[in-house]
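Participant: Protein chains in written order, with our numbering: chain A, 1 to 361; chain B, 1 to 593; chain C, 1 to 347. Note that the Cβ used here is the ideal one computed from N, Cα and C, for glycine as well. Computed from a prediction, not measured in an experiment: that's the story for all the values here.
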Amino acid sequence: MKRGTILLVILVLLLAACAPAAETESPPVQETPQVENGGERRTLTVMTHDSFAASEEVLQAFEEEHNVDVQILTAGDAGSALNRAILSRGNPLADVFYGVDNSFLSRALDEGIFEPYESPLLADIPDEFELDPTHHALPVDFGDVCFNYDKAYFEEAGLEPPQHIEDLVREEYRSLTVVENPATSSPGLSFLLATIGHFGEDGYLEYWQGLVENDLLVVNDWETAYYGEFTRAGGSRPVVLSYATSPPAEVIFAEQPMDEPPTGVITADGSCFRQVEFVGILEGTQNRDLAERWVDFMLSPTFQEDIPLQMFVIPVNENAELSGVFAEFLITAENPAEVSPEEISANREAWIQAWTDTVLR
Amino acid sequence: MDRHGAALEVRPEAASSLRSRLGSGLGALLWVLPLAFLLVFYFYPLATILQVSFSRGAAGWAAPFIEALSSASIRSVLWFTIWQAAVSTALTLLVGLPGAYLLARYDFPGKSFLQALTGIPFVMPTLVVAAAFNALLGPRGWVNGLLVEVFNLQQPPIQFVNTLGAILLAHVFYNTTIVLRMVGDFWAHIDPRLAQAAQVLGASRLQTLRHVVLPLIMPAVAASALLVFIFDFTSFGVILVLGGPRFATLEVEIYRQTVSLFNLPLAAALSIIQLLTTLALTVLYTWLNRRLSTPLNLRPRTYTQARLVSWRSKLFAAVVLGLLLALTVLPLAGLAARSVTHFEPPQRGESGGFAGFTLNYYRELGVNRQSSIFYVPPARAISISLGYAGLTVLLALLIGLPASWALARDPADSRSAAARINRLLDPVLMLPLGTSAVTLGLGFLIALDEPPLDLRASPLLVPLAHTLVAFPFVVRSLTPALRSIRPRLRQAAAVMGATPLQVLRHIDLPLVGRALIVAATFAFTISLGEFGATSLISRPEYPTVPVAIYRLISRPGALNYGQALALSTLLMSITAAGMLFIERFRVADIGEF
Amino acid sequence: MNDGLSVRDVYKSFGKKQALAGVSFDLPEGQVMAMLGPSGSGKSTLLGIIAGLDSPDQGEVLWKGESLRGVPPHRRGFGLMFQDFALFPHRNVFDNVAFALQMASRPKAEIERRVAEMLELVGLPGFEQRDVNTLSGGEQQRVALARSLAPNPRLLMLDEPLGALDRNLRERLALDLGHILHEMHQTALYVTHDQEEAFTLADQVVILNEGRIEQTGAPQEIYLRPRSLFVARFLGMSNLVSGEVFQRDGRLVAATALGELPLPPTSSRQVTVLVRPDRASLDGQGDLQLDGEVIEKQFRGSLSRTRVRVGGVELLFDFPSHIPLPAPGQRVQISLNTDEALQVFEK
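Structure follows, in C-alpha cells:
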C-alpha cells in the first residue's frame, strides 16, 4: 500500500493546490425532472453544443425573473448536437436548441425542427445576420474564422506579416501556414467556404493549389494546429487558422499580464468567414412561452454582453457593448467572404471532395 | 498433481454427464443477465438507429452498401483500417510479450507501481497524448532537438505528426497494458516446471518457448490480441489527431458521414461493415480458442515467481523495463513536468523557453474566473469520474462474471445445447467494442426516448455506455483463467460435498482472483478514460475529467492549456492510485493466489 | 572417478538458508543411487543443480571427468522426472513421450518406434492417442517415466516420483521401476524420503541431512552399520540409550538405563548406544541379557515387532514370527551378542 499512499498524498497535495480560492463556488445547476405536484417552478430545457457557456449571475437572473429552472443539455460539437435534434424530432429532448451555425442552417430548416418566433428584439439586430427570413432560427452571435499570426516570429524574421489570404501563396510565406481539414473541422470548413466566397467556384481550387505548392500544412483539428503546430506553442508555423477572438483570449488567459495580444489577425476583405450562430424553438415543445422568453433573453443586451467572455464569440445585438479586453483588442472582419446557407447545404460534400482531391492527393 | 486426485479416482465420464445436465440448466441461466443487458442497451438502440438511418435513404437499404463497396476511397479506407490495426497489434504484442514474461516470472521491488504506470496511457485523452508526444517527438521536441544538436542537422529529422508512425506508436502506447496484464497474469500461474521439464528433455530456450510455453499461454495471448485489434480497428482519436488528414479509418469516415455530411444511410452501412468485420474476427477467435485451452495446473505466484538473481535476468529486466518505461512513462512524465513548468513562448527579442516551476495551473483549476455556470472544481470532476468508474466496475463485473462462467463451463459434448449457446453468444459479447460510438450514441438517443427507459438526458447513461465497452474486457480476462481450472479440482470439491456456490467461492474465486483484479482494473480504466460516448451524452454539470480536459484545451490561451495539462496530470494520478488500490484488493482470498 | 556422475563440494544457499553444504559423491555408470533424507534436506535442490536448472554457489558437477559448468540443461543429456510429473497438458501421450526426440529432430519412423517401445516398457501399450489430462495417477507416472527414458539419457534423475501415489500403487511401481532401470542399465539418481523404496531400488544409498551427506554406501551396509545417530533414527532404529563412560575391570562400559553396556575403545565421556532391533533372540544365548516386560506385539507377516520395557526404557525388537513370544504383560528375557547387536555413537 506504500506506493498507493505516496500517490494519494501527491494527489491530495495537488488537489489542495487547486482548492477554490473561496469566493465563487458555482451552485449545482438544478436537476430535472421537476416534481410535478406542488412545484410551481417549471423547467426549461436548452439543447446545445459543448462550447456553450454563460455566467452564473446572468443565468440566475433569468431563472429568478421567470421562476424557472434552466436545464442545459450538451451533446458534442455543433454538428452532432444538430443531428441529435433532428433525429429526436418527434419526441424532442428540449424546448430550445441553440448552436446551429450558417453552415448547418439549411439542414436544420429543411428538417423542420424549429417553430417560428418573431422576437421583438430582432429589431436590434442588423439585417446581415438574419439569414432565416422565416424566423425559425434567430441569430445570437457570430465568430470570424481568420488567420492568426505570431507577431514575435515575423518581427524577429524581419518579415511583414501577411495581410490577405492571397499573400499566403507568395514565396516569402512558404512553409509558414497551417490550416485545418474542412472534412473534420469547423474552422477548416469555414476557411474553405471563405475561399469559395472570395475566389468563386471557378477559382478557389487554383488558390488551394498555390497553397499546396507553398508547403501548406493541413491537420485535422484546431487543437493540433493551435497548440501543436503554431509557433507560440513550440511548433514551426507562425500562421494558423483560428478565430478573430483568439488574440483577445490570449490576453485574458495569459500567465503574465500583457499589454497587447501576441497574435494578429488577417481580416482584410474576403479573408475571413463569418460563422453566425442561431437559436430556435424546437417543434413540439411543451413550454412555448418559456421558450420565447429564453430566446428573448438570449437576444437581450444582458446575455449578449455576457457572450464574449464566456463563449468567445461576438454578440449580434447592436446595443450590446463590448467591454474590457474585447473592447480594446478585438478586430473583426468588415467584409468577410460570403456563401449562402443554401449553397453550403447543396454543395458541401462536393466542395470537400474537390478540396480533398486537390490538397491531399 | 492435485492432492486429492489420487484418492478420488473420479471417472471423468460419469461426472461429465451429470455436469452436462446441470450445465445446460445453469449455463442458460447464467446468460440471462448479460443478454438482457445487451438486448436493452445495445441491440435495441443499434437496431433503431440502423432502421431510422436506412429509412432516410431514398433508394432502399441495399443502396448505401453498394455505394460504400463500390467507392474506391471507402474500400481503401476499409483496407487501411484493417492493416493498420493488424500492424499495430503485432507491434503491441512484440513490445508487450517480453514485458508480460518479466511480470509473470519475476518479482521485484516496484513491480505494482510499474504495472500501474503502464496502465495509465489507456486512460489519457488523445489530445493530451498528442501533446505529450509532440513535446517529445515534435519538430521542436526533445528528441529532434538532441539529434539536431548532436549531428549538426539542418532540419529536424523526425517527422512525427501526420505520419503512420505516429498512429502505430500511439496505438502501442495505449494498448501495451492490455497485453501486459492479460498475458502477464495468466502466465504467472503456469507451472514453471513444464518449461524446466522441456529443457531437461533437450529443448533449447527457443524450442521451449515455441513448443511448450507459447501453446500454454496462447489463450491469453489470443484474447489480448483480439481486444487490441478491435481497439485499433475502431480507433478514432488517434487517427484524427495524430494521423492527420491523409489517414482515415472506418470510424473516422462514419463520423464524417454522420456529423459533417449527415449521410445517415451511408454511415449506417459503414457501421454494419465495421460490425461484421469485428464479428468475423471474434468468430475466428472463438473457434481458435476452443482448440487452444487446456486444463492447467494453476500455481500460486509465490511458487512461480522468483527474484532477479542472475546477471542475465537482471539485464533482461533492465532492457525490458527500460523499453516499457521509455514508451509509456517518458511521454507522461514530460506531460506532468510541463504542467508544473512555466514556459515562455518566443517573444520580441527573446527566444522563450523554460522560465521556472509553478503550481499556477493547478491553482487556476480551482478558480472560476469568469463565474461560468459550468465551472466544476477539479475535485468534483474527479469524484464524478471516479463515481462513474466505480459504477462501471460493478456493472461490468456483475454482467461479465456470469457470462465468463457460462463460457468456461463448456460441456465436453460440443453438440449439446449449452455448448451451442456458448458458441453463438461468445462472439456476440464482443460486438459493442466493434460498434461505432457515433452510431450507438445516436441509437441511445432515438431508442431510449420513452419512459421507463427515457434515459436520453440521464447521467446514468454514461456508466451504461462505459459498461458496454468494459464488460467484454471482463469476459475476455476471466474466461481463459476460468477455463484453465482443472475440472478435477471442481469435481473433487463437489464430491466432498461442496455446492456449486461453494465451489465458486472456494475453488474458482481464489484461483481466478488475479484475473478478476485484472478485469476490474480494465473496467476502471476504460471508464476513466472514455471520452467519445461520454461527450455525447453527458450532462454539462456532471463532467468527467476527460470532458473537462477537452473543454480547457479547445480554447486559446496559455492558462487554458496549462490547466488542461494540470488536470491531465491529476487524471494520471488518480488512475495510478485507483489501479494500485484495486491491485491490493484482498477480500475472500482474491488476489492472494 | 572418471566413470559416471561426480558431484564435488557443492554449496548452495538461498538468502540466509543454506540448502547444500559441501555435498560430494560419485555415481558410477549403470548404477542406481538412492538419495534419502527428510524434506528440506536439499535433495530437490541438488537435482536441480545436477540437471543444470540451477547453478551451485561453489563446487562442480562432472560427468565422466568433464565439468558441466556452463552447460545448459538441454545439452546435458540428463533426464529428470518430477514429483508431480509435469506432463505437457496440451500434448497427448505420444507427443509427451516423443518430446525429446522431436526436439532432436529424429526421423518420424524412429520416433514412432521408440515411443511404442517405451510405452510397452512401462506397461501402457497403445496409449499413444490418449489425453494426458484424463489419465489416472499411476498412468501419468508411467508416461512421465517413458518420457524421461525415451531419449536414452546418460543419467536419469527421479524426484520422489512415487510420492503422490497411494501405498499399494507405490510398492508395486517401485518394483517395476527398479526392474526397468536395471534392465536398461540406466544410471539413475533416485530421490525419496521413503527408506523402503530406496532400499528396494538402489545399488547405493546416500543419506542427506540439512544439506550434508550423513552416510554413503550400499543399502545393506548402511542398514547394518549406520554411522550417525541421524541415520539410525532415519532408518527407524529407535532403541537408543545414552550413558557415561566408566572403566570397569579394565574395560570401558557405559552406564545406561539398561545397565552397564560394554563398549569398544572410545575417547568420549558420553556415548549413545543403539540396540539393534534385528539382533535379539529369546534363546538365552549371548553375552548381554536384558530383562523386561512385553508391552505390545505387532504381527507383520514374517516378523513380529515387539515393544519391551527394560529398565524404564521402551525398546523395539523384531522377532521371527515362528518363535513363541510372551504375551503383553509377561516378562521376557532378551539375549544379545554385544558385538553384533550394539552400536556405539560418540557424542
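B:G5 by DSSP, collapsed to three states: which one?
Facilitator: Below a pLDDT of 50, predicted positions are generally treated as unreliable, and B:G5, at 34, falls in that range; the measurement from the model is reported next regardless. Coil at B:G5, not helix or strand.
Participant: Just curious, the beta strand (DSSP E) that C:S6 is in, first and last residue?
Facilitator: Note, C:S6: beta strand (DSSP E), 5-14.
Participant: So which residues on chain D does C:M184 lean against when the C-beta distance must stay under 9 Å?
Facilitator: The structure shown contains no chain D; its protein chains are A, B and C.
Participant: Go ahead and pull the three-state DSSP assignment for B:P459.
Facilitator: In this structure, B:P459 counts as coil in the three-state DSSP scheme.
Participant: Using the Cα positions of C:A202 and C:M33, report the straight-line distance between them to the nearest angstrom.
Facilitator: Using only the alpha carbons, I get a separation of about 5 Å.
Participant: With C:P262 as the anchor, note down where its beta strand (DSSP E) starts and where it stops.
Facilitator: Unbroken beta strand (DSSP E) run through C:P262: 259-262.
Participant: A:W351 versus chain B: which residues are under 9 Å apart at the beta carbon?
Facilitator: Those do not exist, as A:W351 stays about 11 Å from chain B at its closest Cβ, beyond 9 Å.
Participant: Closer than 7 Å by beta-carbon distance: list the chain C residues that pair up with B:Q196, in chain order.
Facilitator: Within chain C, the residues near B:Q196 are L53.
Participant: Three Cβ pairs or more, each shorter than 8 Å: is that satisfied between the stretch 69-82 of chain C and the stretch 153-170 of chain C?
Facilitator: In short, these stretches touch, since the Cβ pair count reaches three.
Participant: Below 8 Å, how does it come out for the stretch 569-576 of chain B and the stretch 332-341 of chain B: are there three or more Cβ pairs, yes or no?
Facilitator: With a cut-off of 8 Å, the stretch 332-341 of chain B and the stretch 569-576 of chain B count as touching, because enough Cβ pairs lie within range.
Participant: Along the stretch 414-443 of chain B, what residues have a CB closer than 9 Å to any CB found in chain A?
Facilitator: Against chain A - using a Cβ distance shorter than 9 Å - the residues of the stretch 414-443 of chain B are V438, G441, L442.
Participant: Within the 8 Å Cβ cut-off, does B:A481 reach chain C?
Facilitator: B:A481 does not count as touching chain C.
Participant: Check each candidate in B:P45, B:L33, B:A28 and name the one with the smallest Cα separation from B:E450.
Facilitator: Comparing Cα-Cα distances from B:E450 to each of B:P45, B:L33, B:A28, the minimum goes to B:P45.
Participant: Quick check: the Cα distance between B:S436 and B:T89, rounded to an integer number of angstroms?
Facilitator: B:S436 and B:T89: Cα-Cα distance of roughly 20 Å.
Participant: As a quick exercise: from B:I507, B:V319, B:L292, B:G529, pick the residue whose alpha carbon is nearest that of B:R299.
Facilitator: Closest option to B:R299, Cα to Cα, is B:I507.
Participant: Is C:R279 closer than 8 Å to C:E340 when the C-beta atoms are compared?
Facilitator: Taking 8 Å as the Cβ cut-off, C:E340 and C:R279 qualify as a contacting pair.
Participant: Using the beta-carbon count (16 or more within 10 Å), is B:W31 buried or exposed?
Facilitator: By the neighbour-count rule (16 or more Cβ atoms within 10 Å), B:W31 is buried.
Participant: Quick one: what does DSSP say B:A15 is sitting in, helix, strand or coil?
Facilitator: For B:A15, the predicted structure reports a pLDDT of 48, less than 50, and the residue's modelled location is therefore unreliable. The matter cannot be settled from this model.
Participant: Run through chain C and tell me which residues come within less than 7 Å of B:D599, C-beta to C-beta.
Facilitator: The structure shown does not extend to residue 599 of chain B, since chain B is modelled only from 1 to 593, so the question has no answer here.
Participant: Please list the terminal residues of the continuous beta strand (DSSP E) segment that includes B:H342.
Facilitator: That run of the beta strand (DSSP E) goes 341-344.
Participant: Using a beta-carbon distance below 8 Å, is B:S554 in contact with chain A?
Facilitator: True, the Cβ-Cβ gap to chain A drops below 8 Å.
Participant: Using a Cβ-Cβ cut-off of 6 Å (strictly less than) and excluding sequence neighbours within five positions of A:K2, which residues of its own chain qualify?
Facilitator: Note that A:K2 scores 48 on pLDDT, short of 50, meaning its location in the model is unreliable; the coordinates nonetheless yield the value given after this. The answer is none, since no qualifying residue turns up.
Participant: Hey, quick one: how far does the alpha helix (DSSP H) through C:G40 stretch, first residue to last?
Facilitator: Neither: C:G40 is in no alpha helix (DSSP H) and is coded neither H nor E.
Participant: What are the residues in the stretch 364-379 of chain B lying within 7 Å of chain A by C-beta distance?
Facilitator: Those would be L365, G366, V367, N368, Q370, S371, S372, I373, F374, Y375, P377, P378, A379, in chain order.
Participant: Give the DSSP bridge partners of C:W63, in chain order.
Facilitator: C:W63 is bridged to C:L5, C:E66.
Participant: Within the 8 Å Cβ cut-off, does B:V495 reach chain C?
Facilitator: It does not: the Cβ of B:V495 has no partner Cβ on chain C nearer than 8 Å.
Participant: Any residues in the stretch 72-102 of chain C with a beta carbon nearer than 7 Å to a beta carbon of chain B? Which ones, in chain order?
Facilitator: The stretch 72-102 of chain C vs chain B, Cβ under 7 Å: P73, H74, F78, G79, L80, F82, D84, F85, A86, F88, P89, H90, F99, A100.
Participant: With DSSP collapsed to three states, give me the class of C:F88.
Facilitator: Correct three-state label for C:F88: coil.
Participant: Throw me the rounded Cβ distance for the B:L240 and A:D221 pair, which I believe falls under 8 Å.
Facilitator: Right, the Cβ-Cβ distance comes to about 6 Å (below 8 Å), so this counts as a contact.
Participant: Within 8 Å, do at least three Cβ pairs link the stretch 171-185 of chain B to the stretch 57-69 of chain B?
Facilitator: With the cut-off at 8 Å, the stretch 57-69 of chain B and the stretch 171-185 of chain B do not touch.
Participant: Quick check on the burial criterion: 16 or more other C-beta atoms within 10 angstroms. Buried or exposed for B:P157?
Facilitator: When all chains shown are included, B:P157 counts as exposed.
Participant: Helix, strand or coil for C:G123? Go by DSSP, reduced to three states.
Facilitator: In the structure shown, C:G123 sits in coil (DSSP, three-state: anything other than H, G, I, E or B).
Participant: Taking contact to mean 3 or more Cβ pairs, one atom from each stretch, closer than 8 Å, check whether the stretch 175-190 of chain C and the stretch 26-44 of chain C are in contact.
Facilitator: Yes: the two stretches touch, three or more of their Cβ pairs being nearer than 8 Å.
Participant: Going by the beta-carbon positions, is the gap between A:P247 and A:V276 smaller than 8 Å?
Facilitator: Contact flag unset, no.
Participant: Spatial neighbours of A:F154 within its chain, please: C-beta separation below 6 Å, excluding the five flanking residues on both sides.
Facilitator: Around A:F154: P161.
Participant: Mind checking which residues open and close the alpha helix (DSSP H) that includes A:G210?
Facilitator: From DSSP, the alpha helix (DSSP H) with A:G210 extends over 186-213.
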